[in-house]
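This report concerns only the one structure given below.
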Ligand SMILES: *Cc1c(COP(=O)(O)O)cnc(C)c1O
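Residue numbers (this note's numbering): 943 to 1342.
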């Protein structure tokens, strides 16, 4: 495996810092030897609900299952249509397909990254039953008009908050605004387990009760099956790990935001960058730090040669994936989304990222667009000097 100078994410740094607590949590589960639907799940559900300020939280097997079960609990089934943004992770669409309903894509807003509400009314038909707004990259998408349209047209709203743990919209936690909200605890999410996991949150008792049954073979009580459910539960080991990590989430999100501010400062005026670097959303939790760049693929290769790992979210939009050829969409149908596929680049982002590493990344990006005139050999010294000057301006703080 490649050793990156700056990896895209570094989970081991986080786990080193919490090693003792995590080991204790795991030991307790193994000693108790209850591995499914025990105290850890119960406690974590309560803590997560309290953190978000929502009445019910139900642990499930993954973010995809959280979306799928929330939709089924709201009655979505074959013959229905569900609207979602074209620029999202494919799981949002797969959750709709899993219910038998048809995913209907809408292009996105360049700034808040959610469904372009100007286009929303045009795709609503008598078969439309729900809208899934996605809080992409950790940024709350605009919900006001979506809620308004949903109320007027009698549609459910299921928030995909799988990238937005702790993000807020109008003072409320993302995921708690619609009829249901869905989270993923995939290891690299802002709150991640040691495997797969997910959560449905809701203020509706009926949705909570149905998800509770659906995740456990559709049973209510013991051996009384009221629905054709599935097996999708958040196990005790995951719940114990997530419970240990949850108290750190706000601090980690603050650190992500500080790195984002630093990137924005270091990359200001860089002429290969197209979009604003500053997030206009103060409660963005920066699951990803996405910049829009010229010659994206060449820049990505350049950064890789300098030991910097980057990502693309997402290189092939859902409407151009072979799996969704049946929807009948074509190249050119979603212009903004297709532009993201061409020019979006996700820079390294994780709470433990150091100041020095953000500088390495920013220097390498600048170097790509403004190649050094002098021989390469002088560059390290120029950079070291620049750093020394910056340090002295900051009053000698030498934190890396
Ligand atoms: C990660 C993610 C999912 C799916 O979560 P899993 O736990 O991987 O199934 C769904 N939607 C979005 C936007 C995601 O980022």
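All C-beta atoms in this analysis are idealised placements derived from N, C-alpha and C, irrespective of residue type, glycine included.
The structure displayed is predicted, hence computed values, not measured ones.
Backbone CA spacing between residue i and residue j [nearest angstrom]
| i | j | result |
| --- | --- | --- |
| residue 1201 | residue 1091 | 36 Å |
| residue 1270 | residue 1064 | 17 Å |
| residue 1016 | residue 1108 | 24 Å |
| residue 1339 | residue 1088 | Bear in mind that a pLDDT of 41 at residue 1339, under 50, signals an unreliable position, so the number given afterwards is only what the model happens to contain. Cα to Cα, residue 1339 sits roughly 47 Å from residue 1088. |
| residue 1226 | residue 1036 | 26 Å |
| residue 1041 | residue 1023 | 10 Å |
| residue 1178 | residue 1038 | 28 Å |
| residue 1156 | residue 1010 | 10 Å |
| residue 1231 | residue 1081 | 10 Å |
| residue 1293 | residue 1168 | 44 Å |
| residue 1120 | residue 1193 | 26 Å |
| residue 959 | residue 1199 | 20 Å |
| residue 1115 | residue 1262 | 32 Å |
| residue 1306 | residue 1244 | 8 Å |
| residue 1190 | residue 1130 | 15 Å |
| residue 1241 | residue 1314 | 15 Å |
| residue 1197 | residue 1054 | 21 Å |
| residue 1061 | residue 1067 | 13 Å |
| residue 1252 | residue 1289 | 5 Å |
| residue 1266 | residue 1043 | 13 Å |
DSSP three-state assignment for residue i, whether helix, strand or coil
| i | result |
| --- | --- |
| residue 1194 | helix |
| residue 1167 | strand |
| residue 1115 | strand |
| residue 1213 | coil |
| residue 1103 | coil |
| residue 994 | helix |
| residue 1286 | strand |
| residue 1300 | helix |
| residue 945 | coil |
| residue 911 | Missing from the structure shown is residue 911; the chain here goes from 943 to 1342 and no further. |
| residue 1086 | helix |
| residue 951 | coil |
| residue 1276 | coil |
| residue 1067 | coil |
| residue 1310 | helix |
| residue 1045 | strand |
| residue 1110 | strand |
| residue 1050 | strand |
| residue 1125 | strand |
| residue 1153 | helix |
Residue i, buried or exposed, once every other Cβ within 10 Å from all chains shown has been counted against 16
| i | result |
| --- | --- |
| residue 1073 | buried |
| residue 1132 | buried |
| residue 1239 | exposed |
| residue 1268 | exposed |
| residue 1210 | exposed |
| residue 947 | exposed |
| residue 1059 | buried |
| residue 1221 | buried |
| residue 1342 | With a pLDDT of 35 at residue 1342, under the threshold of 50, the predicted position of this residue should be treated as unreliable, and no value is reported. |
| residue 1389 | Since the displayed the chain opens at 943 and closes at 1342, residue 1389 lies outside it and no answer follows. |
| residue 1175 | buried |
| residue 976 | exposed |
| residue 1164 | exposed |
| residue 1057 | buried |
| residue 956 | buried |
| residue 972 | exposed |
| residue 1045 | buried |
Distance CB(residue i)-CB(residue j) smaller than 8 Å
| i | j | result |
| --- | --- | --- |
| residue 1215 | residue 1205 | no |
| residue 1125 | residue 1140 | yes |
| residue 1028 | residue 1049 | yes |
| residue 1304 | residue 1229 | no |
| residue 1117 | residue 1143 | yes |
| residue 1003 | residue 1128 | no |
| residue 1254 | residue 1287 | yes |
| residue 1153 | residue 1012 | yes |
| residue 967 | residue 1186 | yes |
| residue 1034 | residue 1102 | yes |
| residue 1135 | residue 1184 | yes |
| residue 1181 | residue 986 | yes |
| residue 1212 | residue 1299 | no |
| residue 1283 | residue 1311 | no |
| residue 1188 | residue 1301 | no |
| residue 1217 | residue 1233 | yes |
| residue 994 | residue 1076 | no |
| residue 1021 | residue 1069 | yes |
| residue 1235 | residue 1285 | yes |
| residue 1018 | residue 1071 | yes |
| residue 1111 | residue 1085 | yes |
Check: residue i C-beta below 7 Å from any heavy atom of ligand 3
| i | result |
| --- | --- |
| residue 1033 | Among the ligands in the structure shown, ligand 3 does not appear; only ligand 1 can be found there. |
Complete alpha helix (DSSP H) runs within the region 1000 to 1041 (minimum length 4 residues, chain order): 1005 to 1015, 1033 to 1040
Start-end ranges of the alpha helix (DSSP H) lying completely within the region 1210 to 1262, minimum 4 residues: 1238 to 1247
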